[in-house]
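**Student:**
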Amino acid sequence: MTYDTVIVDSHVILPQGMVNKNIVIDEEKIVDFTSDVPSCDNKINGNGLISIPGVIDPHVHYGVYSSIEKAAGTESHAAAIGGITTMMRMLRLGGSYKNSLIPQLIASSQSHYIDYSIHASIFNNQQIDEMKFCLDKWITSFKLYMNLGGDVGHVYMDMEPGTNSLREAKVEITSEIIQKVVQNAASLGCPVLVHAEDYEMCSCGIKTAKEKNEDGLAAWSQSRSTQSEVKSIKTISKFARECGCTLYFVHIGSADALNQILEEKKNGTKIFVETCPHYLTLSYEKQEGYLAKVMPPIRTSKDVESVWNAIHDGQINTIGTDHVANQLKLKLGGNDVWDALAGFPGIGTLLPILLSEGVNKNRISLEKLTQITSTNAAKIFGMYPNKGSLEKDSDADITMIDLKKEKKVTSDLFGGFSDYIVYAGWNLKGWPVKTIVRGTVVAENFEVIGKRGYGKMVVRKPTSLVAL
Ligand SMILES: [Zn+2]
Numbered sequence: 002m003t004y005d006t007v008i009v010d011s012h013v014i015l016p017q018g019m020v021n022k023n024i025v026i027d028e029e030k031i032v033d034f035t036s037d038v039p040s041c042d043n044k045i046n047g048n049g050l051i052s053i054p055g056v057i058d059p060h061v062h063y064g065v066y067s068s069i070e071k072a073a074g075t076e077s078h079a080a081a082i083g084g085i086t087t088m089m090r091m092l093r094l095g096g097s098y099k100n101s102l103i104p105q106l107i108a109s110s111q112s113h114y115i116d117y118s119i120h121a122s123i124f125n126n127q128q129i130d131e132m133k134f135c136l137d138k139w140i141t142s143f144k145l146y147m148n149l150g151g152d153v154g155h156v157y158m159d160m161e162p163g164t165n166s167l168r169e170a171k172v173e174i175t176s177e178i179i180q181k182v183v184q185n186a187a188s189l190g191c192p193v194l195v196h197a198e199d200y201e202m203c204s205c206g207i208k209t210a211k212e213k214n215e216d217g218l219a220a221w222s223q224s225r226s227t228q229s230e231v232k233s234i235k236t237i238s239k240f241a242r243e244c245g246c247t248l249y250f251v252h253i254g255s256a257d258a259l260n261q262i263l264e265e266k267k268n269g270t271k272i273f274v275e276t277c278p279h280y281l282t283l284s285y286e287k288q289e290g291y292l293a294k295v296m297p298p299i300r301t302s303k304d305v306e307s308v309w310n311a312i313h314d315g316q317i318n319t320i321g322t323d324h325v326a327n328q329l330k331l332k333l334g335g336n337d338v339w340d341a342l343a344g345f346p347g348i349g350t351l352l353p354i355l356l357s358e359g360v361n362k363n364r365i366s367l368e369k370l371t372q373i374t375s376t377n378a379a380k381i382f383g384m385y386p387n388k389g390s391l392e393k394d395s396d397a398d399i400t401m402i403d404l405k406k407e408k409k410v411t412s413d414l415f416g417g418f419s420d421y422i423v424y425a426g427w428n429l430k431g432w433p434v435k436t437i438v439r440g441t442v443v444a445e446n447f448e449v450i451g452k453r454g455y456g457k458m459v460v461r462k463p464t465s466l467v468a469l
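Those letters in the sequence shown? Residues 2 to 469, per my numbering, in order.
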């Protein structure tokens, strides 16, 4: 028999550790690991490279500042160059999912270079009633924004496919909504993703800082204090504990938030934790300008250290980018930090940052890297074992990395929608050189060679009882 593809001579990170084997691929799946080279149509030379499970970015915002049929092309292009094989969209819609989900799915289906999935944000009672409808469309995880309400309740929803107008909305995430979402998610067996910042505390902090004419990223951080994260972690953990809902705290980047989560886990709440590359690399003490404005804010270098420690201790389960595909003219449209838009692009640099700052600086092992960039997300979000692991019968989603490759980051390296990047000028060591999705090479040496529309929506199932 002749197989489709064999990757020869790479070091392969299997669940049980690193081995030197050839990876045999047929009909989009991994079918074997061998020492000989069986007959095949394509041979990929992996000499000097390491094959890891395709990277999953569980937290991506695209379709907000350009419509999804365009954004899926540009942002999955950036993702593919960055070694990502599955991207998970934070879908935000204002009205009814029953009315507006299908056009989003159709527009998405023709446009991605890599595989993708969707988390649905829930903003109101009608959407709570539509969670089951979403679940039947393979959307098996839901997002709550505890930072939105009162005079800080403004948010941009995702654009309508085929249009080019921003959709500003005002929402109010009350404790009644929070409680109902966790109860409903628990009964459906789905995790709830939580943006944990208390909007009343944030609103108050911003008002005070503006009155004092404060500016800059330090003021931004102090106006949304770590205590506002702690407060909302406490509130939702109690609700979740009462009904047995699994929580997934997104973008955790402060020592205080991490400590409170430990406390809530001791109290019996089932919790997973995500951080982002910026909480591992940036602090407001060293960062100038407004480009790194984000919610929650980047904190101190002490907080950065605590996030690395939490990865080491196993308290952090996943790395998401919180990638926002926006552009400078919107980002810096105003005069001060308060007017600047929050969020920045980062999907292309997730893996190189972790290789350069993590693996190559001996802060994390390759095995830990694969857990937090792939395996854990696949398990938490119901994609394992098709995704998240190099095993027989799993999808041949493979990222091949060169730990010695050095390259300077520029905003146009990834070909995304954004015209800036907070890591511009950083010389990173350790880069993906081949991104393989279901057996097909979609990107190679900073160039996308795959076809738009090849990426498929991942079939997912509810996962309430998952253990990592
Ligand atoms: Zn986000």
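Every residue, glycine too, gets a C-beta built ideally from N, C-alpha and C. Given the structure is predicted, the values throughout are model-derived calculations rather than measurements.
1. Please report the straight-line C-alpha distance between Y285 and Q223, rounded to a whole angstrom.
2. Under 8 Å by Cβ, that's how I've got W339 and I207 pegged, so tell me the actual separation to the nearest angstrom.
3. Would T282 and I373 be called neighbours here (beta carbons separated by less than 9 Å)?
4. For C244, is the classification buried or exposed, using 16 other Cβ atoms within 10 angstroms of its Cβ as the cut-off for buried?
5. Nearest-angstrom Cα distance between K294 and R225?
6. Can you give the Cα-Cα distance for K267 and T164, rounded to whole angstroms?
7. Mind checking whether T6 and A397 have CB atoms under 9 Å apart?
8. For L331, count neighbouring Cβ atoms within 10 angstroms of its own Cβ and tell me buried if that reaches 16, exposed if not.
9. Consult DSSP for G431 and reduce its assignment to one of helix, strand or coil.
10. Using beta-carbon positions only, say whether L333 and L292 come within less than 9 Å of one another.
11. With respect to the beta strand (DSSP E) encompassing M1, which residues constitute its N-terminal and C-terminal limits?
12. Out of S188, S110, K144, which has the shortest C-alpha to C-alpha gap to K71?
13. Between which two residues does the beta strand (DSSP E) holding Q156 run?
14. Using three-state DSSP, classify V360 as helix, strand or coil.
15. Let me check you understand the geometry: is the CB of D58 closer than 8 Å to at least one non-hydrogen atom of ligand 1?
16. State the Cα-Cα distance for the pair A378 and Y249, rounded to the nearest angstrom.
17. If you compare alpha carbons, which of R242, C277, H252 is closest to E264?
18. Since I believe P54 is in contact with S375 (beta carbons under 8 Å), could you give me their beta-carbon distance rounded to a whole number of angstroms?
19. Please confirm whether V438 and T86 have their CB atoms less than 9 Å apart.
20. Below 9 Å between beta carbons: does that hold for D323 and G290?
21. Below 8 Å, how does it come out for the segment 232 to 239 and the segment 184 to 203: are there three or more Cβ pairs, yes or no?
22. Which term fits D420, buried or exposed, when burial requires 16 or more other beta carbons within 10 angstroms of its beta carbon?
23. Restricting to Cα atoms, I'd like to know which of N126, L149, G151, I119 is closest to D137.
24. Strictly by DSSP, which residues pair up with H313?
25. On the criterion of 16 or more Cβ atoms from any shown chain inside 10 Å, does T3 qualify as buried, or is it exposed?
26. Rounded to whole angstroms, what's the CA-CA distance from G190 to P297? Just pull it up for me.
27. Measuring straight from C-alpha to C-alpha, what distance separates V13 and C205?
28. Can you give the beta carbon distance from V183 to F240, rounded, assuming they're within the 8 Å contact cut?
**Tutor:** Per the coordinate set shown:
1. 10 Å
2. 7 Å
3. no
4. exposed
5. 12 Å
6. 48 Å
7. yes
8. exposed
9. strand
10. yes
11. Because the chain here runs from 2 to 469, residue 1 falls outside it and cannot be looked at.
12. S110
13. Reading off the sequence shown, one finds Val at residue 156, where the question assumed Gln. Its beta strand (DSSP E) spans residues 155 to 158.
14. helix
15. no
16. 10 Å
17. R242
18. 4 Å
19. yes
20. no
21. yes
22. exposed
23. I119
24. According to DSSP, which records beta bridges pairwise, H313 is partnered with nothing at all.
25. exposed
26. 28 Å
27. 51 Å
28. 5 Å
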